[in-house]
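Shown next, in structure tokens, is the structure this report addresses.
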Amino acid sequence: MNLASTLAMYLSTTQTRALGDVVRLLAEATDGDALREALALPVIELLGADQYVSMVWNGELNRFQRFTALNMSVDSLRNWDSYYRLIDPLTFPMMERRRPTLVTQVLPQQDLLKTEFFNDFLRPERMHWGINVYFYDRQTCVGDFRVFRQRERGNFEQNELELLRMVEPAIAGALGRLHWENHSAPTSPATERAEEVLQRSAHLSQREAEVAWLVACGCPDKQIAKRLEVGYPTVRFHLANAFKKLQTQNRAALASRVLALVESRRQTCGRTAVS
């Protein structure tokens, strides 16, 4: 007996209906963003969850975009993008695992409860227990699910993790197909990268600009070091120089300044002028 048959034996009526809805939506999908939005309720019912958030990673911009959510306020999504992603201890470690993962597998719950991210961002939305999955196709992350439960519901269990693992390949395949089908717009040869904007506008060195942009994208220092293949002290050195040149005192202020410079360039030269 395979995994799908084994799990099906233990599905509730609600979960069985939700699984059928997921399969139907995948078969009918013609747009990735519409699919991620339509999957919100079936995924919540399948996993016995309370909140659902889905984003798409833009590898060229090093930024999450195209948010959709169920049972989460628009203000919270905006606040995550403007600030809390900079101190989010979960997203990048879970993204690196490239498989359905419980929050408690990357950070013990007692440690998460002590963070600003939990107390000022998750707790007001009653998002206590979490499970995430990031969908990859051709080494490209084409979307994600960030699913949470309220505290009194208890943590997600192994059978729910297995359910998500069971549907993950089909969802990744559908999102991947739709991503490449809809990703046909050519990139202008005159496109200017965000790091180049920072070098020109703020007189940052190439490495300083790379570090500053990754900070603005929400990467912690250790992740930046890994991405740039440099040592942690090197990242701190370039970050300190970026603070001085951009006249900022902390990461949030630096991110705000960097994004303002890039946005100004986009408005001056058109929305596709910076990648």
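Everything in the sequence shown is counted per this note's numbering, starting at 20 for the first residue and increasing by one.
We treat Cβ as the ideally placed atom computed from N, Cα and C, and that holds for glycine.
Fair warning: this is a prediction, and the values are worked out from it, not measured in the lab.
* Round the Cβ separation of arginine 172 and aspartate 69 to the nearest angstrom and send it over; I've been treating them as touching at under 8 Å. => Sequence index remark: in the sequence shown, residue 172 carries index 153 (1-based). Sequence index remark: in the sequence shown, residue 69 carries index 50 (1-based). Confirmed, about 7 Å.
* If you draw a straight line from the alpha carbon of phenylalanine 86 to that of arginine 255, how long is it in whole angstroms? -> Within the sequence shown, residue 86 is the residue found at index 67, counting from 1. Within the sequence shown, residue 255 is the residue found at index 236, counting from 1. Taking C-alpha positions only, phenylalanine 86 is separated from arginine 255 by approximately 31 Å.
* Contact between the segment 74 to 88 and the segment 128 to 140 (3+ Cβ pairs under 8 Å) -> The segment 74 to 88 vs the segment 128 to 140: no contact.
* Asked: Any idea what DSSP makes of asparagine 151, helix, strand or coil?
  -> Translated into the one-based positions of the sequence shown, residue 151 becomes position 132. If DSSP states are grouped into helix, strand and coil, asparagine 151 belongs with the strands.
* Asked: glycine 162 lies in the beta strand (DSSP E); which residues open and close that run?
  -> Here residue 162 refers to the residue found at position 143 of the sequence shown. Start and end: 159 to 168.
* Asked: If tyrosine 71 sits next to phenylalanine 175, beta carbons under 8 Å apart, how far is it from one beta carbon to the other, in whole angstroms?
  -> Start at 1 with the first residue of the sequence shown, and residue 71 comes out as number 52. Start at 1 with the first residue of the sequence shown, and residue 175 comes out as number 156. So it is not a contact: roughly 13 Å between Cβ atoms.
* **Straight-line Cα distance separating leucine 44 from cysteine 160** => Within the sequence shown, numbered from 1, the residue matching residue 160 stands at position 141. Within the sequence shown, numbered from 1, the residue matching residue 44 stands at position 25. Rounded to whole angstroms, cysteine 160 to leucine 44 spans 20 Å at the Cα level.
* **Local conformation of alanine 88 per DSSP, three classes** => Walking along the sequence shown from the start, residue 88 turns up at place 69. Alanine 88 falls in the strand class under three-state DSSP.
* Asked: Between arginine 212 and valine 234, what straight-line distance do the alpha-carbon atoms span, to the nearest angstrom?
  -> Here residue 212 refers to the residue found at position 193 of the sequence shown. Here residue 234 refers to the residue found at position 215 of the sequence shown. Those two C-alpha atoms are separated by around 16 Å.
* To do: Whole angstroms is fine: what's the gap from valine 122's alpha carbon to glutamate 181's?
  => Your numbering for residue 122 matches position 103 in the sequence shown. Your numbering for residue 181 matches position 162 in the sequence shown. Cα-Cα distance, rounded: 15 Å.
* Asked: Taking DSSP as the reference, what is the three-state secondary structure of tyrosine 103?
  -> Start at 1 with the first residue of the sequence shown, and residue 103 comes out as number 84. The answer is helix: DSSP assigns tyrosine 103 an H, G or I state.
* To do: Determine contact between the segment 97 to 109 and the segment 184 to 204, defined as no fewer than three beta-carbon pairs at a distance below 8 Å.
  => No, they do not touch.
* Asked: Going straight from the alpha carbon of valine 281 to that of valine 41, what length do you get?
  -> On the sequence shown, residue 281 is found 262 positions in, with the first residue counted as 1. On the sequence shown, residue 41 is found 22 positions in, with the first residue counted as 1. One C-alpha to the other measures close to 38 Å.
* To do: Name the residue from Arg226, Tyr251, Leu247 and Met113 whose alpha carbon lies nearest to the alpha carbon of glutamine 124.
  => Numbered from its first residue, the sequence shown carries residue 124 at position 105. It is Met113 whose Cα lies nearest to the Cα of glutamine 124.
* To do: Please go through the same chain and pick out, in chain order, the residues whose beta-carbon is closer than 6 Å to the beta-carbon of proline 61, but skip the five residues on each side of it.
  => Along the sequence shown, read from residue 1 onward, the residue named residue 61 stands at position 42. If you ignore the 5 residues before and after proline 61, its C-beta comes within less than 6 Å of the C-beta of Ala37, Asp40 and Val41, all in its own chain and listed in chain order.
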